[in-house]
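Under full-length UniProt numbering, the sequence shown has 58 at position 58, and the numbering climbs by one with no breaks. We put the beta carbon where it would ideally sit given N, CA and C, even for glycine. Computed from a prediction, not measured in an experiment: that's the story for all the values here.
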Amino acid sequence: MTTIVVAMGEKNEIGFENQLLWHLPKDLKHFKDITSGHPIIMGRKTYESIGKPLPNRTNIVVSRKKDWFEEGILIVGSIKEALKFAKKIDEEVFVIGGGNIYEQTMDIVDRLEVTLVKADLQADTFFPKIDPKIWKKTNEICHEKDEKNGYDFCFQTFEKIKSKA
Numbered sequence: 001m002t003t004i005v006v007a008m009g010e011k012n013e014i015g016f017e018n019q020l021l022w023h024l025p026k027d028l029k030h031f032k033d034i035t036s037g038h039p040i041i042m043g044r045k046t047y048e049s050i051g052k053p054l055p056n057r058t059n060i061v062v063s064r065k066k067d068w069f070e071e072g073i074l075i076v077g078s079i080k081e082a083l084k085f086a087k088k089i090d091e092e093v094f095v096i097g098g099g100n101i102y103e104q105t106m107d108i109v110d111r112l113e114v115t116l117v118k119a120d121l122q123a124d125t126f127f128p129k130i131d132p133k134i135w136k137k138t139n140e141i142c143h144e145k146d147e148k149n150g151y152d153f154c155f156q157t158f159e160k161i162k163s164k165a
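Pasting the structure below:
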């Protein structure tokens with residue numbers, strides 16, 4: 001199973017100037033809980049915004065830069081190559097961004113794990129539209145903002161609708 005994990009605002013905004021738009025500790029814990037122990041695929045810019053390999057996960061970074069190297073990660077030239085390596089490691093694979101990587105994988109993943117942040121913020125990077133003809137929401141758990149989490153947000157799971165062909 002290949003799953004996209006994304007936190008986005010109400011207008012599908014996910015980032016501005018290569019940074020997340022919010023700091024939500026509950027979302028970070030949720031992200032860690034579902035991705036730990038599994039391969040994660042991300043673009044180079046997403047990796048650079050994180051700044052280091054995420055622990056307890058095989059970090060696979062897709063980059064077109066031929067001369068780019070970082071210790072502790074696997075660097076590949078395409079999504080296809082990333083998925084090939086990831087599937088050799090584990091059946092559960094997570095795609096964690098950014099915008100370009102999401103666009104390239106939206107048609108090939110099986111599930112979306114979305115944190116919908118109840119915010120409308122300035123952004124320059126957006127998540128693709130979730131088409132209700134293709135994706136069915138199967139779960140939703142909402143949280144109100146508190147002293148540590150500055151926005152209301154919901155964890156949503158979408159499963160790809162299987163065609164009856």
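Neighbour-count burial assignment, residue i, 16 or more Cβ in a 10 Å radius
i, result
"histidine 30", "buried"
"glutamate 113", "buried"
"phenylalanine 16", "exposed"
"glycine 98", "buried"
"proline 39", "buried"
"glycine 9", "buried"
"threonine 138", "exposed"
"glycine 51", "exposed"
"asparagine 18", "exposed"
"aspartate 27", "buried"
"isoleucine 134", "exposed"
"glutamate 13", "buried"
"isoleucine 73", "buried"
Straight-line Cα distance separating residue j from residue i
i, j, result
"glutamate 144", "aspartate 67", "45 Å"
"alanine 86", "serine 63", "16 Å"
"cysteine 142", "alanine 119", "14 Å"
"phenylalanine 155", "valine 117", "9 Å"
"lysine 11", "tyrosine 151", "15 Å"
"valine 93", "aspartate 33", "14 Å"
"isoleucine 96", "threonine 46", "8 Å"
"methionine 42", "serine 49", "11 Å"
"aspartate 131", "alanine 7", "17 Å"
"lysine 80", "lysine 65", "16 Å"
"histidine 23", "glutamate 159", "26 Å"
"glutamate 140", "threonine 157", "7 Å"
"isoleucine 60", "lysine 88", "12 Å"
Same chain, Cβ closer than 8 Å to residue i, five either side skipped, listed in chain order
i, result
"glutamate 103", "Pro128"
"asparagine 56", "Ser36, Gly37"
"phenylalanine 69", "Ile75"
"methionine 106", "Ile4, Pro128"
"proline 25", "Lys148, Asn149"
Cβ-based neighbour list, residue i, same chain, cut-off 7 Å, excluding 5 preceding and 5 following
i, result
"lysine 162", "none"
"methionine 1", "Glu91, Glu92, Asp110, Arg111"
"asparagine 100", "Gly43"
beta-carbon residue i near the ligand ZN non-hydrogen atom, thresh 7 Å
i, result
"alanine 86", "By its list of ligands, the structure shown contains no ligand whatsoever, and the ligand ZN lies outside what it can speak to."
Length-filtered (4 minimum) alpha helix (DSSP H) runs lying within the UniProt domain "DHFR" (1-160):
25-35, 44-50, 79-89, 99-105
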